[in-house]
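Enquirer:
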Amino acid sequence: MRPLHVLLLPCLLAACVHHRSPANASEPARLSAADAPEVVAPAAQGPTVLAVGQVLEIALQGNAGTGYAWELVEDGAPRLVRAVPPPRQEDGAPADPPLVGAATTLRWRFRAVEPGQARIRLVYRRPWEQGVAPLREAVFDVVAAP
Numbered sequence: 071m072r073p074l075h076v077l078l079l080p081c082l083l084a085a086c087v088h089h090r091s092p093a094n095a096s097e098p099a100r101l102s103a104a105d106a107p108e109v110v111a112p113a114a115q116g117p118t119v120l121a122v123g124q125v126l127e128i129a130l131q132g133n134a135g136t137g138y139a140w141e142l143v144e145d146g147a148p149r150l151v152r153a154v155p156p157p158r159q160e161d162g163a164p165a166d167p168p169l170v171g172a173a174t175t176l177r178w179r180f181r182a183v184e185p186g187q188a189r190i191r192l193v194y195r196r197p198w199e200q201g202v203a204p205l206r207e208a209v210f211d212v213v214a215a216p
C-alpha cells in the first residue's frame, strides 16, 4: 500500500462517522438495564396513576405501508419524559423477511419525573396532508404521584 493511502484511509473513515449531540433535549432518555423501572400499561378507563420513577408504555397498531403514521402531539412534559428501554428480546419470532403491508405495534415509553397531571396525545395521519383531520387519535391522561 502506498504511504499516501495509509494516511488518507483514517481520514476518510473519520469523515464517515456520524456524531450526535448528547445535549439534544428532544432525544429520548436511555435506560440502562440496572435502572430499568417498573413498566405500567395505560388504564382501561380514567387516568393512569404512576409513581415518580415508573414508566408508562403505550402500544398502538399502525401500518406504514398506508402512508399513515402516529405523531406525538402532547408528550406530557414537564411531568413525563420519553424513555427508550434497553434492547430486549421480543416474544415470538418475527417474519423473515418481514411481511410487506402487515400492521405493526409501535411503542412509546414515558417516565414520570415529577408529581402532577399530564396528558399524552398521539394522532394517526398522513404527514403530507395539511388541514385534514387525523384518522385516529389516542389520548392518555396520567397522574404522577410522589
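Letter by letter, the sequence shown follows residues 71 to 216 of our numbering. Where a beta carbon is used, it is the ideal one built from N, C-alpha and C, also for glycine.
Assuming A182 and V122 form a contact by the criterion Cβ under 8 Å, report the distance between their Cβ atoms to the nearest whole angstrom.
Expert: 5 Å
Enquirer: On the DSSP bridge assignment, give the partners of T174 in chain order.
Expert: Beta-bridge pairing links T174 to G132.
Enquirer: Tell me, to the nearest whole angstrom, how far the beta carbon of V212 is from that of G146; I am working on the premise that it is less than 8 Å.
Expert: At roughly 6 Å, the Cβ-Cβ gap stays under 8 Å, so V212 and G146 are in contact.
Enquirer: Ordered along the chain, which non-local residues of its own chain (more than five positions away) have a Cβ less than 7 Å from that of G186?
Expert: R149 and A214
Enquirer: State the Cα-Cα distance for the pair P117 and R179, rounded to the nearest angstrom.
Expert: 16 Å
Enquirer: Is V183 helix, strand or coil by DSSP?
Expert: If DSSP states are grouped into helix, strand and coil, V183 belongs with coil.
Enquirer: If distances are taken between C-alpha atoms only, which option among V193, G201 and A188 comes closest to L120?
Expert: A188
Enquirer: Measure the beta-carbon distance from V193 to V143 and round it to whole angstroms, keeping in mind my assumption that it falls under 8 Å.
Expert: About 6 Å separates the two Cβ atoms, so the contact holds.
Enquirer: Between A134 and P197, is the Cβ-Cβ spacing less than 8 Å?
Expert: no
Enquirer: Taking A129 as the reference, which of P204, R191 and V170 has the closest Cα?
Expert: R191
Enquirer: Between which residues of its own chain and A111 is the CB-CB distance below 7 Å, once the five residues before and five after are set aside?
Expert: Hits under 7 Å: E127.
Enquirer: Using DSSP with H/G/I as helix, E/B as strand and the rest coil, what is A114?
Expert: coil
Enquirer: E141 and R177 look like a contact to me (Cβ under 8 Å); what is the Cβ gap, rounded to whole Å?
Expert: E141 to R177, Cβ: 15 Å. No contact.
Enquirer: Quick one: what's A188 bridged to in DSSP?
Expert: V212
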